[in-house]
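Heads up, the thing below is written out as structure tokens.
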Amino acid sequence: METSVRSAIESVIDPDIGRSFGELGAVESVKIDGNSVEIYLELVPPLHYVGLAIDDACRDVVRSIMGDSVKTTVFVRPKAIPRIAQADVLPDVQTIIAVASGKGGVGKSTVAANIAAALAQKGASVGLLDADIYGPSAPMMFDLANETMRAEKLPDGSVIGYPNERYGVKIASIGFVMQRDQAAILRGPMLAGYFTTLVGQMQWGALDFLIFDLPPGTGDIQLTLTQRIPLTGAAIVTTPQEIAVSDVRRSVAMFRRVNVDVLGVIENMSWFSPPDMPEKKYPIFGEGGGRAVAAESGAPLLGEIPITLATREGGDEGLPVVLNPDEFRQAEIIRNITANLVRESRRAHAKRLGGQTVSITL
Ligand SMILES: Nc1ncnc2c1ncn2[C@@H]1O[C@H](COP(=O)(O)OP(=O)(O)O)[C@@H](O)[C@H]1O
Ligand SMILES: [Mg+2]
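Counting along the sequence shown from 1, when you hit position 130 you're at 243 in my numbering, and nothing is skipped either side.
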């Protein structure tokens, strides 16, 4: 019986990756004791969104073989994902996603903050690293504008920093260590020092996700940050109009050059629906940009986020809109985008496990 249950479980298809558990080496063991079955799986992380579906699929398979009275328990643990570069940086963080855009003002930080909040709401341990020197906004978006970074000097002279926490998201921001508008006068080594602290010395603890709000653009700073951190991949934020799209192209090209997967494209400010006419959609910033960038970069469009008053207010008042119980529609859109991004992260991890080698060439 164990053999037939095991081979049936091995033929279950992972819904995100499209390959069978057998091919993925996911089935560790199957134990049957009378009427109770235990299935031990090792699956490609992150598992926060797919866990229940896989649990159900396994139960169905066992029931079809052993009948409705069987009691099935599925134990799942995450597979270890090989690091492609910088394995010593952020060793306790499982999935690291850079949120990037070609230019400022497209809502990159808003999207990063809301994705981080959505992941925390789903029960994941989440960090948000706001490295946008030109406009650090995580402190305001999480109602932490008056906070500074708690830091400690170790006996060997090195400095470690601690993230602040709000809504279950650990937050490190260049805004906690730098005065407003100071970035404009900071260049070179000083700036590099801030980044070293932010990236290398933060005490995040073990995290399921680190969301990394990159500064806009594709200059040296972005390139260095992209290379210094072992990214799972990048999520590209664009607005719908052509002018934003041409900047975004450069961003996609930068990630290509350093062999970072583009996980997907998020179109923000896609339309406006007047609150009193929620079925009407006004495409204020044009149409089609997200789809165009997705097609060009060969990555999926993860979703389209409309312009809403509550989204802007949430940013200014320190409550990401995805956590606002009165904003169900917008929250649902952001939760879907987050789920899609996590699915693409699993695919990127599966690709790496598949033995494909990825190397940094510069
Ligand atoms: N979908 C949206 N609806 C309404 N306002 C938005 C939306 N996305 C972003 N904003 C607002 O636009 C401004 C710029 O967003 P921000 O996230 O700071 O952009 P970026 O990080 O790309 O510079 C902020 O005031 C923010 O609240
Ligand atoms: Mg920003």
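Every residue, glycine too, gets a C-beta built ideally from N, C-alpha and C.
Here Met179 is buried: its Cβ has 16 or more other Cβ atoms, across all protein chains shown, within 10 Å. Per DSSP, the beta bridge partners of Thr351 are Glu380. Note on Glu445: under 16 other CB atoms within 10 angstroms of its CB, so exposed under the neighbour-count rule.
Under the Cβ criterion (8 Å, minimum of three pairs), the region 117-129 counts as touching the region 165-182.
Every beta strand (DSSP E) stretch that sits fully inside the region 229-308 and reaches 3 residues is listed by chain position as 239-243, 263-266, 272-275, 277-279, 282-286.
For Gly431, no alpha helix (DSSP H) encloses it, and the DSSP letter there is neither H nor E.
Relative to ligand 1, the nearest heavy atom lies less than 8 Å away from the CB of Gly220. In the DSSP annotation of this structure, the continuous segment of the beta strand (DSSP E) that includes Asp321 starts and ends at 320-326.
Between ligand 2 and Asp326, a heavy atom-to-CB distance of less than 8 Å is present.
The Cβ atoms of Leu232 and Ile324 sit closer than 9 Å to each other. Around the beta carbon of Leu267, fewer than 16 other beta carbons lie within 10 angstroms, which makes this residue exposed. By the criterion of at least three beta-carbon pairs nearer than 8 Å, the region 137-157 is not in contact with the region 215-229. Leu414 sits away from Trp317, with the two beta carbons spaced by 9 Å or more. A contact between stretches requires three or more CB pairs, one per stretch, nearer than 8 Å, and the region 258-275 fails this requirement with the region 350-363. For the options Pro252, Asp269, Val290, the alpha carbon positioned closest to that of Ile284 is the one of Pro252. Proximity of the beta carbon of Pro252 to ligand 2 is not indicated: no heavy atom of the ligand is located closer than 8 Å. Gly220 sits in coil when the DSSP states are folded into three classes, being neither helix nor strand.
Taken in chain order, the complete beta strand (DSSP E) segments of 3 residues or longer contained in the region 184-212 are 184-191. Around Asp374, the same chain offers Gly346, Ala461 as residues with beta carbons nearer than 6 Å, after the five sequence neighbours per side are excluded.
The region 356-411 is shown to contain whole alpha helix (DSSP H) runs of 4 or more residues at 402-410, in chain order.
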